[in-house]
Amino acid sequence: MTAPEMTAGSPGDRPNRLMLLWLLLPVIVLGIAIAWIASADPLRSFNNGAPPVEAFTYERTILDGNGLRVLVRAGGSEPMTVAQVQVDDAYWSFTQDPPGPIARGSTVWLSIPYPWVLGEAHAINIVTNTGATFLHEIPVAVPTPVPTQSLLWQQALVGLIVGVLPVAIGLLCYPAMRGVGAAGMNFVLALTVGLLAFLLVDMTLEALEISAASAALFQGPLLVLLAGSASFMLLMAIGRWRGAPAGLALSFYIALGIGLHNFGEGLAIGATFAVGSAGLGTFLVLGFAVHNVTEGIGIAAPILKAKPPLWSFAALTLLAGAPAVVGLWIGSLAYAPQWTALFLGIGAGAIAQVIVEVTLYTTRTGKGRGTLLSIPVICGFLVGVAFMYVTAAIIKF
1038 MTAPEMTAGS
1048 PGDRPNRLML
1058 LWLLLPVIVL
1068 GIAIAWIASA
1078 DPLRSFNNGA
1088 PPVEAFTYER
1098 TILDGNGLRV
1108 LVRAGGSEPM
1118 TVAQVQVDDA
1128 YWSFTQDPPG
1138 PIARGSTVWL
1148 SIPYPWVLGE
1158 AHAINIVTNT
1168 GATFLHEIPV
1178 AVPTPVPTQS
1188 LLWQQALVGL
1198 IVGVLPVAIG
1208 LLCYPAMRGV
1218 GAAGMNFVLA
1228 LTVGLLAFLL
1238 VDMTLEALEI
1248 SAASAALFQG
1258 PLLVLLAGSA
1268 SFMLLMAIGR
1278 WRGAPAGLAL
1288 SFYIALGIGL
1298 HNFGEGLAIG
1308 ATFAVGSAGL
1318 GTFLVLGFAV
1328 HNVTEGIGIA
1338 APILKAKPPL
1348 WSFAALTLLA
1358 GAPAVVGLWI
1368 GSLAYAPQWT
1378 ALFLGIGAGA
1388 IAQVIVEVTL
1398 YTTRTGKGRG
1408 TLLSIPVICG
1418 FLVGVAFMYV
1428 TAAIIKF
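Note that the working numbering has the sequence shown beginning at 1038, numbered continuously upward.
If you want it as structure tokens, here you go:
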């Protein structure tokens, strides 16, 4: 004899309906409160005649044969109106696209037919209808790159040198490293953690610094921390889907984290191309390449005791190095501080996840937690950090 089935109007449905009602009630009350505040404006009595808070953020500057073009984002409490534009303390005519008042969070392009001078510094000053001014400096005036086939190939070559080539060179050390014993294995794994720890700190600081140039509504530092935390938790969940990653799987996670870092590095290099603030000469490009050689060694560390197929080495090289090319293209042609900070935050979270997994892998393959305090591990970690620090000094500009 089967239990009787509940009908749609049975008493068992009442708790569910009550729960739904209690969930909807706060939302309804909040909606009514918002509608009342918007229509009644109860705070208007506090208005003492002061002008609204205004903020402009310069997100992109383009220099070409027609003059200057700037992309600005409004962050004021009320819609803002651009009344005048100064360039080098002189008022100039300008056109705005789209025209009219600029709502909070919206962007417009301002085109100024100013005869800028190659290699010189210029200052743009926006004046709103309330008299507020917002200054932007161009340290070195150079033509903004346009996406020609020749330019893309040249940038791809730089990206390959600073991203793909050093990772490939590091992976070439794989046959020589296979003969290391237990102590050597721990040294290489700790070396990997050391270089990743440096990348994590460097990437986080760079993301926070870049986020300071973004509009206040993006909450730059918080955006970086949230993106990093979300990236870390998501990759941890994916990585532990079928147990702790090891061997080739762990190498791919390392390559992914390094690839996200190289993407951010490419964005930074591309941005310097766009604004002309640094001439990437041969010495600087080679500095980037030497700085990244240990990345390939770190990727190879988890597979020293395995025999992965040849295609996996090519895949690891491209996953870790090719994002530098894409980042360089985007950075030079469509740079925006908030998106750069976001991607750097995601990369920092990915690297943090790899640090955790490689550390746990070291304890599993060694003698437990005591392995982390052994001489090979401590020396490997310090060598990794020191190498990255010294080579980073070459590429800082």
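Ideal Cβ positions, reconstructed from N, Cα and C, are used throughout, including at glycine.
Check                                                                                                                                                                                         : Outcome
Do you know offhand how far Ala1308's Cα is from Val1179's?                                                                                                                                   : 13 angstroms
Give the single residue among Pro1346, Ser1251, Leu1262 and Ile1431 whose Cα lies nearest to the Cα of Thr1094.                                                                               : Ser1251
Considering only the beta carbon of each residue, do Arg1214 and His1328 sit closer than 8 angstroms?                                                                                         : Reading off the sequence shown, one finds Met at residue 1214, where the question assumed Arg. Result no, Cβ atoms of Met1214 and His1328 do not sit closer than 8 angstroms.
Per DSSP, which residues does Asp1101 bridge with? Please list them.                                                                                                                          : Gly1104
What is the DSSP secondary structure of Ala1315, counted as helix, strand or coil?                                                                                                            : Any reading at Ala1315 must be qualified, since the residue scores a pLDDT of 48, below 50, and its modelled position is unreliable; no value is offered.
My output table needs one value for Ala1120: the three-state DSSP class, helix, strand or coil.                                                                                               : strand
For the ligand MG, is there any heavy atom lying closer than 7 angstroms to the beta carbon of Leu1355?                                                                                       : By its list of ligands, the structure shown contains no ligand whatsoever, and the ligand MG lies outside what it can speak to.
State the Cα-Cα distance for the pair Trp1278 and Gly1386, rounded to the nearest angstrom.                                                                                                   : 18 angstroms
Starting from Asp1134, trace the beta strand (DSSP E) in both directions and tell me its first and last residue.                                                                              : Thr1132 to Asp1134
Cys1470 to Val1230, Cα distance in whole Å?                                                                                                                                                   : Residue 1470 lies beyond the range of the chain shown here (1038 to 1434); nothing can be said about it.
For Thr1396, count neighbouring C-beta atoms within 10 Å of its own C-beta (all shown protein chains included) and say buried if the count is 16 or more, exposed if not.                     : buried
Between the C-alpha atoms of Ala1274 and Leu1341, what's the straight-line distance to the nearest angstrom?                                                                                  : 25 angstroms
Determine the burial state of Thr1185: buried for a count of at least 16 other Cβ atoms within 10 Å of its Cβ, exposed for fewer.                                                             : exposed
Might you give, ordered along the chain, the residues of its own chain that have their beta carbon closer than 7 angstroms to the beta carbon of Ser1314, omitting 5 neighbours on each side? : The predicted position of Ser1314 is uncertain, since its pLDDT is 48 and thus under 50; a value taken from the coordinates is nonetheless stated next. Only Pro1176 and Val1177 meet the Cβ criterion.
List the whole-angstrom C-beta distance separating His1298 from Gly1384, where the pair is believed to meet the contact cut-off of C-beta under 8 angstroms.                                  : 5 angstroms
If you draw a straight line from the C-alpha of Ala1337 to the C-alpha of Gly1294, how long is it?                                                                                            : 14 angstroms
Residues in its own chain within less than 7 angstroms of Tyr1151 by CB, not counting five upstream and five downstream?                                                                      : Gly1104, Leu1105, Val1124 and Trp1129
Are the beta-carbon atoms belonging to Val1422 and Phe1235 less than 8 angstroms from one another?                                                                                            : yes
Identify which residue in Gly1102, Ala1127, Asp1126 and Pro1135 has its Cα closest to the Cα of Thr1118.                                                                                      : Pro1135
Check each candidate in Ile1099, Ala1169, Leu1188 and Gly1068 and name the one with the smallest Cα separation from Trp1153.                                                                  : Ile1099
Leaving aside the five residues before and after Arg1205 along the sequence, list all residues of the same chain whose C-beta is less than 6 angstroms from its C-beta, in chain order.       : Position check: residue 1205 holds Ala in this sequence, whereas Arg was assumed. Hits under 6 angstroms: Thr1354.
Evaluate the contact criterion for the stretch 1354 to 1364 versus the stretch 1237 to 1255: three or more CB pairs, one atom per stretch, below 8 angstroms.                                 : no
What are the boundary residues of the beta strand (DSSP E) that Glu1174 is part of?                                                                                                           : Thr1170 to Ile1175
Determine the direct distance from the alpha carbon of Leu1410 to that of Leu1260, and round the result to whole angstroms.                                                                   : 35 angstroms
Distance, Cα to Cα, Ala1283 vs Ile1388?                                                                                                                                                       : 16 angstroms
According to the Cβ coordinates, are Glu1091 and Gly1113 closer than 8 angstroms?                                                                                                             : yes
What's the gap between the Cα of Arg1058 and the Cα of Val1064?                                                                                                                               : Per the sequence shown, the amino acid found at residue 1058 is Leu instead of Arg. Using only the alpha carbons, I get a separation of about 10 angstroms.
If we ignore side chains and look at the alpha-carbon of each, how far apart do Pro1345 and Gly1207 end up?                                                                                   : 16 angstroms
Answer yes or no: do Ile1149 and Phe1171 have a C-beta to C-beta separation smaller than 8 angstroms?                                                                                         : no
Which one or two residues does DSSP pair with Leu1228 in a beta bridge?                                                                                                                       : Beta-bridge pairing links Leu1228 to no other residue.
Does the CB of Gly1368 have a neighbour CB from chain B at under 8 angstroms?                                                                                                                 : This model lacks chain B altogether, as it is built from one protein chain only.
Name the residue from Thr1408, Val1183, Trp1348 and Ala1378 whose alpha carbon lies nearest to the alpha carbon of Asp1101.                                                                   : Val1183
Using C-beta distances below 6 angstroms, list every residue in its chain close to Ala1220, excluding the 5 sequence neighbours before and after it, in chain order.                          : Pro1413
In whole angstroms, what is the alpha-carbon distance linking His1173 and Trp1146?                                                                                                            : 14 angstroms
With 16 as the cutoff for other CB atoms within 10 Å, does Leu1419 come out buried or exposed?                                                                                                : exposed
Ordered along the chain, which non-local residues of its own chain (more than five positions away) have a Cβ less than 8 angstroms from that of Thr1399?                                      : Asn1223, Leu1226, Ala1227, Val1230, Thr1408, Leu1409 and Val1414
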